[in-house]
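The structure appears below as structure tokens.
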Amino acid sequence: MFPEKFLWGGAVAANQCEGVYQEDGKGLSIQDVLPHGIKGARTAKPTPDNMKLIGIDFYHRYKEDIRLFAEMGFQVFRLSIAWSRIFPKGDEKEPNEKGLRFYDDVFDECHKYGIEPLVTISHYETPLYLAEHYNGWLSRELVGFYERYVRTIFTRYKDKVKYWLTFNEINSILESPFMSGGISTPKEELTEAQLYQAVHHELVASALAVKIGHEINPEFKIGCMILGMPVYPLTPDPQDVIRAMEEDRKNDMFTDIHVRGKYPGYMKRYLKERGITVHFEDGDAQLLKNTVDFISFSYYVSVCATADTSKNRRGEGNLLGGVPNPTLRASEWGWQIDPMGLRYILNRLWDKYQKPLFVVENGLGAVDRPVETEDGTMTVEDDYRIAYMRDHLLQLEEALADGVDVMGYTSWGCIDLVSASTAELKKRYGFIYVDRNDDGSGTLKRMKKKSFYWYKDVIASNGKSLHA
């Protein structure tokens, strides 16, 4: 059973839904020069083929969208603040008032319906100026710019936002240094020492945000957010088991530092054996002791690991690498579907940290095709999405029965938006269909899918309808 105060809702990111990429004083972000997603080449300036420049026009349509979320019964709505709406270049002394006012209005609209905002401070949208002029998080100066940003939004929204996440999928910087860390140095030229120095800067900034937030409002609940991707050994061979452990630890280090306030021993060994010295400025070790109130994560896929180099091939669509699991089927985009992996990672994180957990992303990206119903209205018969989500939520319920403390669940892309990984709109996640296509056509009209009503029943029954 789901606890009485379990938070049900959905999640989006500013760069994937807002649009209006240069209106009301907003500066460019790194997303504005990534028209083809994570693996595509960046451009020198925004280009018309970048779907994120318009997104789904949430900037102008947020009232309609939040009303639809309320109709589904959302108790929490995860969204991000676009850093470059508040500080257009990122290094200004004073914020952009129009940007601040926009989020005031969004949060007010949420509260009108009793919806609690869950706000990601930095969600893959580092101001482009900071990437081009400072090389993103490779520069220690970004800690100071981030501090000014968080002080501004924490002070402004101290009575409107209770739940905060410092960085989205912070561990993804290991594979996507530009999207995740705003690092302009080409990935193939970036040394591992540089990469882990940038990681350190982000971790210090995250801890600093926790410290500042708790000073401004002791009632704030501030969490970290990781890309959750459990790693199974491909075979029972002990070498594969150890390899899986090592792969898991690449992600665990981020959670260890956020939760325990120091670098774990295995990470010190890893860095030492590679001749890497992470530079700590005076006070960094003490700052890291400002640990998070809860752990949040995305969960879409599990992977395998093997020591056998002949089998060590990367799975299609897996952001953090990993060998495909031969026992699992995959989505249209090559992500292995593993509902039981959600129960596994929830138990693993709970056993290890004993901190409240929050599933802040989970969902199925698929090609949806609107159809006409008997009464002449249009809908999407997305039974595949309903099946996917039911299977995952039942496993989340199993984790609750195991004794895991789970705060809530926010389905990813609760309304169709532009995919981060591929920058496509045809890869749809939402309960609400948005009439916009990858060629830029469409009216942007919103339409409820079959899953809209299904999720509404799940929330209204606090999960009981999953067993109907």
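Counted the way this note's numbering counts, the sequence shown spans residues 51 to 518. Glycine residues also receive a C-beta, built at the ideal position from the N, C-alpha and C atoms. Quick caveat, the model's predicted, so the values are computed rather than measured.
#1: Spatial neighbours of LEU392 within its chain, please: CB distance less than 8 Å, with the 5 preceding and 5 following residues excluded, ordered by chain position.
#2: CA-CA distance, ILE104 and GLU182?
#3: Mapping the DSSP letters down to three states, classify MET101 as helix, strand or coil.
#4: Flag this pair as yes or no: are the beta carbons of ASP158 and ARG496 separated by less than 9 Å?
#5: Kindly indicate the opening and closing residues of the beta strand (DSSP E) around SER172.
#6: Going by C-alpha to C-alpha distance, which of TYR179, ASN362, ASN185 and LEU407 sits closest to THR305?
#7: Going by alpha carbons, who is nearest to LYS405 out of ILE272, GLN289, ALA357 and GLY315?
#8: What is the residue span of the beta strand (DSSP E) that MET457 lies within?
#9: So, with DSSP's three-state summary, where would you put PRO288?
#10: Whose CA, out of LEU475, VAL430 and THR205, lies closest to the CA of PHE502?
#11: Jot down the residue ranges of each uninterrupted beta strand (DSSP E) in the region 115–143, minimum 3 residues, whole runs only, in chain order.
#12: Could you tell me the distance, in whole angstroms, from the CA atom of ASP507 to the CA atom of SER515?
#13: Run through DSSP, which three-state label would GLY194 get?
#14: GLU242 and ARG299: beta carbons closer than 9 Å?
#15: If you compare alpha carbons, which of THR205, SER230 and HIS173 is closest to LEU188?
#16: If you scan the region 204–257 from start to end, which runs of the beta strand (DSSP E) of 3 or more residues do you find wholly inside it?
#17: Excluding the 5 residues flanking ARG92 on each side, which residues of the same chain have their C-beta closer than 6 Å to its C-beta?
#18: If ILE220 and ILE276 are in contact, beta carbons under 8 Å, what's the gap, nearest whole angstrom?
#19: Given a cut-off of 9 Å on the beta-carbon distance, is the pair ILE266 and THR341 in contact?
#20: Taking the DSSP output, what are the residues bridged to TRP58?
#21: Rounded to whole angstroms, what is the Cα-Cα separation between ILE136 and GLN72?
#22: Per the contact definition of three or more C-beta pairs closer than 8 Å, is the region 383–392 in contact with the region 315–331?
#23: Are the region 188–198 and the region 121–141 in contact at 8 Å, needing three or more beta carbon pairs?
#24: Could you compute how far the alpha carbon of VAL454 sits from the alpha carbon of ASN397?
#25: Determine the closest residue to ALA470 out of GLU166, HIS329, ILE88 and GLU147, with distance taken between C-alpha atoms.
#26: In terms of alpha-carbon separation, which member of ILE80, GLY60, ASP488 and GLU147 lies closest to TYR179?
#27: Please name the residue, chosen from ILE131, MET51 and SER226, that lies closest to ILE150 on a Cα-to-Cα basis.
#28: Ordered along the chain, which non-local residues of its own chain (more than five positions away) have a Cβ less than 7 Å from that of PRO145?
#29: Thinking just about the alpha-carbon of each residue, which of PHE119, VAL417 and TRP58 is nearest to the one in MET486?
#30: Alpha carbon to alpha carbon, what distance is there between LEU57 and VAL169?
#31: Whose C-beta lies closer than 7 Å to the C-beta of GLU422 among residues of the same chain, with five residues either side of it excluded?
#32: Residue range of the beta strand (DSSP E) that PRO283 falls in?
#33: Any heavy atom of the ligand GDP closer than 8 Å to the beta-carbon of PRO85?
#34: I believe VAL351 touches MET279 by the beta-carbon criterion, under 8 Å. Please report the beta-carbon distance rounded to the nearest angstrom.
#35: Do you know offhand how far CYS274's Cα is from THR216's?
#36: By the 10 Å Cβ neighbour count, where 16 or more other Cβ atoms means buried, how is GLY186 classified, buried or exposed?
From the atom records:
#1: Contacts found: TYR349, VAL409, ASN412, HIS442, GLN445, LEU446 and ALA449.
#2: When the Cα atoms are used, ILE104 and GLU182 turn out to be separated by approximately 23 Å.
#3: Under the three-state reduction of DSSP, MET101 is assigned to helix.
#4: At a Cβ-Cβ threshold of 9 Å, ASP158 and ARG496 do not count as neighbours.
#5: Looking at the DSSP string, the run of the beta strand (DSSP E) that includes SER172 is 166–172.
#6: Residue LEU407 is the option with its Cα nearest to THR305.
#7: It is ILE272 whose Cα lies nearest to the Cα of LYS405.
#8: 456–462 is the span of the beta strand (DSSP E), which, as asked, contains MET457.
#9: The DSSP-derived three-state label of PRO288 is helix.
#10: Selected option, being the one with the closest Cα: VAL430.
#11: Within the region 115–143, the complete beta strand (DSSP E) runs of at least 3 residues fall at 126–130.
#12: Rounded to the nearest angstrom, the two C-alpha atoms are 6 Å apart.
#13: Helix at GLY194.
#14: Here GLU242 is not near ARG299, since their CB atoms are 9 Å or more apart.
#15: Closest option to LEU188, Cα to Cα, is SER230.
#16: Counting only runs of 3 or more, we get 213–217.
#17: Apart from the 5 residues on each side of it in sequence, ARG92 sits with its Cβ closer than 6 Å to the Cβ of VAL83 and LEU84 in its chain, given in chain order.
#18: The Cβ separation is near 6 Å, so the contact holds.
#19: No, Cβ-Cβ distance for ILE266 and THR341 is not below 9 Å.
#20: Partner(s): TYR459.
#21: Annotation: ILE136 to GLN72 spans about 12 Å, alpha carbon to alpha carbon.
#22: When Cβ pairs closer than 8 Å are counted between the two stretches, the region 315–331 is seen not to touch the region 383–392, the count staying below three.
#23: They touch, by the three-pair rule.
#24: Whole-angstrom Cα-Cα distance: 6 Å.
#25: For ALA470, the closest of GLU166, HIS329, ILE88 and GLU147 by C-alpha to C-alpha distance is ILE88.
#26: Ranking the options by Cα distance to TYR179, first place goes to ILE80.
#27: In the sequence as displayed, the identity of residue 150 is Leu instead of Ile. Of the candidates ILE131, MET51 and SER226, ILE131 places its Cα closest to the Cα of LEU150.
#28: Counting only Cβ-Cβ distances below 7 Å, and skipping sequence neighbours, we find ILE136, PHE137 and THR202.
#29: Inspection of the sequence shows that residue 486 is occupied by Arg rather than by Met. Among PHE119, VAL417 and TRP58, the Cα nearest to that of ARG486 is on VAL417.
#30: If you take the alpha carbons of VAL169 and LEU57, they lie about 14 Å apart.
#31: Only MET428 meet the Cβ criterion.
#32: Here the beta strand (DSSP E) through PRO283 covers 281–283.
#33: For the structure depicted, the ligand GDP is absent and the ligand set is empty, with no information on it obtainable.
#34: Between MET279 and VAL351 the Cβ distance is about 6 Å, and since that is below 8 Å, they are a contact.
#35: The alpha-carbon atoms of CYS274 and THR216 are separated by roughly 6 Å.
#36: For GLY186, the number of other beta carbons within 10 angstroms of its own is at least 16, and it is reported as buried.
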